[in-house]
Structure formats: C-alpha cells, structure tokens
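Each residue of the sequence shown is one higher than the last, beginning at 32 in the numbering used here.
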Amino acid sequence: MALPNRPVATSSETEAALFDLVDVYDRAYETAAAELSLSPAQACVLGRLDERRGMGALAEELGCDASNITQIVARLEALGLVTREPNPRDRRARLVARTPRGDEVNHRFATAFTFARTAVGRLSPDEQDQLTALLRKALG
32 MALPNRPVAT SSETEAALFD LVDVYDRAYE TAAAELSLSP AQACVLGRLD ERRGMGALAE
92 ELGCDASNIT QIVARLEALG LVTREPNPRD RRARLVARTP RGDEVNHRFA TAFTFARTAV
152 GRLSPDEQDQ LTALLRKALG
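Written out as structure tokens, the structure reads:
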C-alpha cells in the first residue's frame with residue numbers, strides 16, 4: 032500500500048486537494064494493477080508499449096535508472112507479457128514489445144483503472160474544460 036503523498040502541512044486548500052487527488056489516484060492505480068497480479072511499475076511499463084520501444088527510451092521517459100527497467104521488463108517477460116529482441120540498428124540494445132497476452136492484460140488494466148474516468152465524469156463538460164486548462168497551466 033502506498034504511503035500518503037500529503038506532507039505534514041500544506042500551504043493552501045488547493046495544495047491539500049491536489050495531494051489528496053494524487054494519493055487516491057495512486058491507490059486506485061495500485062489496486063487495478065494488483066487485480067492483475069502486477070506491480071504498479073509493471074502496469075506502467077506495459078502501458079507504454081503500444082509499439083516496440085527501446086529500454087533506454089523507457090527509462091528516460093519514466094525518469095528512472097535503466098537497471099530498474101531491466102528488472103521490470105524481465106519480470107514482464109517471465110509472465111509472458113513482453114518480449115525482448117535485439118535492436119536491428121544497435122545489436123547491443125534491446126527492443127521491448129507486448130505479446131498478444133500482454134495486449135490483453137494491458138486492456139484489462141485499462142478497463143480496471145477507472146479512477147480518472149470516474150472523477151472526470153462527475154464534472155460537466157465546461158468544468159472538464161476548465162480543469163484541463165488549469166492543470167495545463169499549473170504544469171507549466
């Protein structure tokens with residue numbers, strides 16, 4: 032179970048609500064992954080493989096060390112959800128792709144992880160547009 036993301040004290044009600052959102056999102060993500068016997072990291076990597084990807088590119092995109100990706104991909108491969116193959120442009124590098132079983136598990140995860148759809152569904156179309164604009168502004 033994830034630790035709460037909220038610090039001991041927040042500087043505003045908005046900051047507190049944002050921490051609450053992130054905490055609930057993380058817990059829902061963990062629950063959806065666990066329903067499929069995946070870790071959140073495994074579900075995340077699996078979801079990033081809509082096309083064959085280099086392991087270095089995955090590590091860079093996710094902001095983690097390449098050794099972490101290697102371990103996650105090895106476990107996904109052991110589960111039959113991905114394959115690794117040499118990169119035809121660089122034989123030292125590996126490309127990762129979902130297997131048909133990996134596609135099915137990824138689809139099941141996307142179906143099980145309903146938090147964002149449910150939360151956004153509580154808002155009117157105008158509120159959704161406002162939230163989108165505000166989040167993009169906050170993210171810079």
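We put the CB at the ideal spot given by N, CA and C, even for glycine.
Model, not experiment: these values are computed from the prediction.
1) Are the region 98 to 117 and the region 66 to 83 touching, with three or more C-beta to C-beta distances below 8 Å?
2) What are the residues that DSSP puts in a beta bridge with ASN118?
3) Should VAL127 and LEU80 be called a contact, given that it needs their Cβ atoms to be closer than 8 Å?
4) Shortest alpha-carbon distance to GLU66 belongs to which of HIS138, VAL151, ARG148?
5) Would you list the residues sitting across from ALA128 in a DSSP beta bridge?
6) Using only the alpha-carbon positions, how far apart do ARG174 and LEU89 sit?
7) For a test of the three-state rule: what should DSSP assign to ARG83, helix, strand or coil?
8) According to DSSP, is ARG139 helix, strand or coil?
9) For ASP51, which residues of its own chain have a beta-carbon under 6 Å away from its beta-carbon, when the five flanking residues on both sides are left out?
10) Quick one: is VAL151 buried, meaning 16 or more other Cβ sit within 10 Å of its Cβ, or exposed?
According to the structure shown:
1) yes
2) Locating residue 118 in the sequence shown gives position 87, counting from the first residue. BP columns for ASN118 point to ASP121.
3) Here residue 127 is taken as the residue at index 96 of the sequence shown, counted from 1. Here residue 80 is taken as the residue at index 49 of the sequence shown, counted from 1. Closer than 8 Å, so yes.
4) Numbered from 1 along the sequence shown, position 35 holds the residue referred to as residue 66. When only C-alpha atoms are compared, the closest one is HIS138.
5) Position 97 of the sequence shown, counting from 1, holds the residue named residue 128. DSSP lists THR114 as partners of ALA128.
6) The requested residue 174 does not occur in the structure, where the chain is confined to residues 32 to 171.
7) In the sequence shown, the residue the question calls residue 83 occupies position 52. Looking at ARG83 - three-state DSSP - the assignment turns out to be coil, as it is neither helix nor strand.
8) In the sequence shown, counting from the first residue as 1, residue 139 sits at position 108. Here ARG139 sits in helix by DSSP.
9) The residue labelled residue 51 in the question sits at position 20 within the sequence shown. Same-chain partners within the cutoff: there are none.
10) In the sequence shown, residue 151 corresponds to position 120, counting from 1. By the 10 Å Cβ count, VAL151 comes out exposed.
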